[in-house]
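**Q** Structure incoming, see below.
Number of protein chains: 2
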Amino acid sequence: MKLYIAPRAPNPRRVQMFMAEKGITDIPQVAVDLNAGEHRSDAFRAKSPLAKVPALEFDDGRVLTETRAICTWLEGRYPEPNLMGVDYDERAFIEMADRRIEFYLMAPLANCIRHTHPGLAVLEQPQFPDYGRSQAAKGYEVARWLDAQLARQPFMAGDRFTIADITAFCGLEFARGLMKFKPGDEGMTALQTWRDRIAERPSARV
Amino acid sequence: MKLYIAPRAPNPRRVQMFMAEKGITDIPQVAVDLNAGEHRSDAFRAKSPLAKVPALEFDDGRVLTETRAICTWLEGRYPEPNLMGVDYDERAFIEMADRRIEFYLMAPLANCIRHTHPGLAVLEQPQFPDYGRSQAAKGYEVARWLDAQLARQPFMAGDRFTIADITAFCGLEFARGLMKFKPGDEGMTALQTWRDRIAERPSARV
Chain A
1 MKLYIAPRAP NPRRVQMFMA EKGITDIPQV AVDLNAGEHR SDAFRAKSPL
51 AKVPALEFDD GRVLTETRAI CTWLEGRYPE PNLMGVDYDE RAFIEMADRR
101 IEFYLMAPLA NCIRHTHPGL AVLEQPQFPD YGRSQAAKGY EVARWLDAQL
151 ARQPFMAGDR FTIADITAFC GLEFARGLMK FKPGDEGMTA LQTWRDRIAE
201 RPSARV
Chain B
1 MKLYIAPRAP NPRRVQMFMA EKGITDIPQV AVDLNAGEHR SDAFRAKSPL
51 AKVPALEFDD GRVLTETRAI CTWLEGRYPE PNLMGVDYDE RAFIEMADRR
101 IEFYLMAPLA NCIRHTHPGL AVLEQPQFPD YGRSQAAKGY EVARWLDAQL
151 ARQPFMAGDR FTIADITAFC GLEFARGLMK FKPGDEGMTA LQTWRDRIAE
201 RPSARV
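Just so you know, the sequences run in chain order A and B. Taken in order, the first sequence gives residues 1 to 206; the numbers are from this note's numbering. Taken in order, the second sequence gives residues 1 to 206; the numbers are from this note's numbering.
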């Protein structure tokens, strides 16, 4: 088995952090150079036809892509510690929290970066800077809602660490690097406190 | 229990079609008027804080939002017929197929519609028409890839009907109504044949 990743990209990092939380160390990682367009090569598209990382290649030749789908597989194969819900009821509510963060926080911030940052022009053509800036505003609005949530509960999905914290952390760290977005600077103190607490976990170092 | 939907919106339709496939008839549906802004009212935000439909309200007061999370819950409560995978391996590969369709087909087509269609201006402010048109091109490219897939396999995730077919069908029907997108007109005959076959299922009438 092999996991194809891209250094500094937030989606592969979500899988890497998920694996670190579970103590999975026996899956070798192979870096794909996005800036050089390696993900669009015929060789990589033979594995991941839509040119996406991360991708998990099995020894039988099958390849699983899509961050959360890879985590679903890993959760089944390596059940402990549970990160996605122990029964269908908890699984559904954690999936809700994870999707809210992925769609309404991470995606808008990533779209802002992809459409406004010169360093991402090679990955996003054409760029629409005005659209990108409008997305930042939408992401900030959801960040403020999460800040209010975290004033009442310790983790993104409630009272324990889950995949939703991983998605939020990797999304916010990407925005910290490329948008200089720091929740504390915007008065979002609960979100900043949560971020600093997650950053202390060994899995945050991947 | 109550399911909040919005007539003609593709995401609530995914849940409605999912329920129809399972023969779930005991959950009353309540329509929310998006054009009148009812989803942004304080009353609805008390249930769905990010103003999203669909939303599944439980008798104990909890509310579950996010289309796929609602399906995860329904799949647990009403397991037959299975639409999301019988074990973690199948569940992961179906999730991959579902996410590919949701992110790279349905979302780009919906973004095109939301950013270019005058009728959607009330829901998407500001609209960025050039961005919208670029998204249509990305969606069409993935539709062509799915067309090639469906020349080799009968359903979106492989050899049986799953949630991925529901996501693709509801996304394409939305694009058919508001973009006049018909795969057959673009030479995508396998995708058109698949669409016409799914349209014959009783669940497609919701």
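Glycine included, every Cβ here is placed at the ideal spot set by N, Cα and C.
Closest by CA to A31/A, which one among M17/A, K2/A, K22/A, D42/A?
**A** Mapped onto the first sequence, residue 31/A falls at position 31. The candidate whose alpha carbon is nearest that of A31/A is K2/A.
**Q** Check whether the region 122-141 of chain A touches the region 83-102 of chain A, taking contact to mean three or more Cβ pairs, one atom from each stretch, closer than 8 Å.
**A** no
**Q** Please report how far the alpha carbon of T25/B lies from the alpha carbon of E80/B, in whole angstroms.
**A** As a working note, residue 25/B is residue 25 in the second sequence. As a working note, residue 80/B is residue 80 in the second sequence. Near 14 Å, if we compare the C-alpha coordinates of E80/B and T25/B.
**Q** Can L191/B and L146/B be called in contact, C-beta distance under 7 Å?
**A** Numbered from 1 along the second sequence, position 191 holds the residue referred to as residue 191/B. Numbered from 1 along the second sequence, position 146 holds the residue referred to as residue 146/B. Yes; because the gap between Cβ atoms is below 7 Å, this pair is in contact.
**Q** Return the chain-ordered list of same chain residues with a C-beta closer than 7 Å to the C-beta of F18/A, the five sequence neighbours on each side being excluded.
**A** Within the first sequence, residue 18/A is the residue found at index 18, counting from 1. Only C71, L74, L83, I163, I166 meet the Cβ criterion.
**Q** Strictly below 7 Å CB to CB, what residues from chain A border P49/B?
**A** Along the second sequence, one-based indexing puts residue 49/B at 49. Those are W145, listed as they occur along chain A.
**Q** Taking only runs of the alpha helix (DSSP H) that begin and end inside the region 176-203 of chain B, which ones reach a length of at least 4 residues, in chain order?
**A** Whole alpha helix (DSSP H) segments, 4+ residues: 189-199.
**Q** Whose CA, out of M106/A, R144/A, V63/A, A110/A, lies closest to the CA of E90/B?
**A** Residue numbering aside, residue 90/B sits at position 90 when the second sequence is read from its first letter. The shortest C-alpha separation from E90/B is found at V63/A.
**Q** State the start and end residues of the unbroken beta strand (DSSP E) segment that holds E90/B.
**A** Counting from one through the second sequence, the residue named residue 90/B turns up at place 90. Per DSSP, E90/B belongs to no beta strand (DSSP E); it is in the alpha helix (DSSP H), 88-101.
**Q** For F15/A versus T67/A, is the C-beta spacing smaller than 7 Å?
**A** Stepping through the first sequence from its first residue, residue 15/A is reached at position 15. Stepping through the first sequence from its first residue, residue 67/A is reached at position 67. Note on residue identity: the sequence assigns Val, not Phe, to residue 15/A. Contact: yes.
**Q** What residue range does the alpha helix (DSSP H) around I113/A cover?
**A** In the first sequence, residue 113/A corresponds to position 113, counting from 1. Unbroken alpha helix (DSSP H) run through I113/A: 107-116.
**Q** Buried or exposed: where does V53/A fall if 16 or more other Cβ atoms within 10 Å of its Cβ makes it buried?
**A** Here residue 53/A refers to the residue found at position 53 of the first sequence. Buried is the call here.
**Q** What is the rounded straight-line gap between the Cα of N11/B and the Cα of I27/B?
**A** What you label residue 11/B is simply residue 11 of the second sequence in a count that begins at 1. What you label residue 27/B is simply residue 27 of the second sequence in a count that begins at 1. Approximately 17 Å between the Cα atoms of the pair.
**Q** Here's the rule I'm using: 16 or more other beta-carbon atoms within 10 Å means buried, otherwise exposed. How should N111/A be labelled?
**A** Position 111 of the first sequence, counted from the first residue, corresponds to residue 111/A. So N111/A counts as buried.
**Q** In chain order, what residues of the same chain lie with their CB nearer than 6 Å to the CB of A175/B, ignoring the 5 residues before and after it?
**A** Counting from one through the second sequence, the residue named residue 175/B turns up at place 175. Within the same chain, A175/B has close Cβ partners L109, F181.
**Q** Under 6 Å Cβ to Cβ from R114/A, same chain only, skipping five residues before and after it: list those, please.
**A** Your numbering for residue 114/A matches position 114 in the first sequence. These residues qualify, in order along the chain: L120, E124.
**Q** Under the rule that 16 or more other beta-carbon atoms within 10 Å means buried, what is A92/B, buried or exposed?
**A** To locate residue 92/B, count along the second sequence from 1; it is residue 92. When all chains shown are included, A92/B counts as buried.
**Q** I want to verify the contact list: residues of chain B whose CB lies under 8 Å from the CB of E95/A, in sequence order.
**A** On the first sequence, position 95 is the one that residue 95/A refers to. Within 8 Å Cβ-Cβ: E66, R68, A69, T72.
**Q** If we ignore side chains and look at the alpha-carbon of each, how far apart do R205/A and G187/B end up?
**A** Counting from one through the first sequence, the residue named residue 205/A turns up at place 205. Counting from one through the second sequence, the residue named residue 187/B turns up at place 187. Going from the Cα of R205/A to the Cα of G187/B covers about 48 Å.
**Q** What distance in whole Å lies between the Cβ atoms of F128/A and F103/B, which are believed to be in contact at a cut-off of 8 Å?
**A** As a first step, residue 103/B must be located in the second sequence, where it is residue number 103. As a first step, residue 128/A must be located in the first sequence, where it is residue number 128. 18 Å between Cβ atoms; not a contact.
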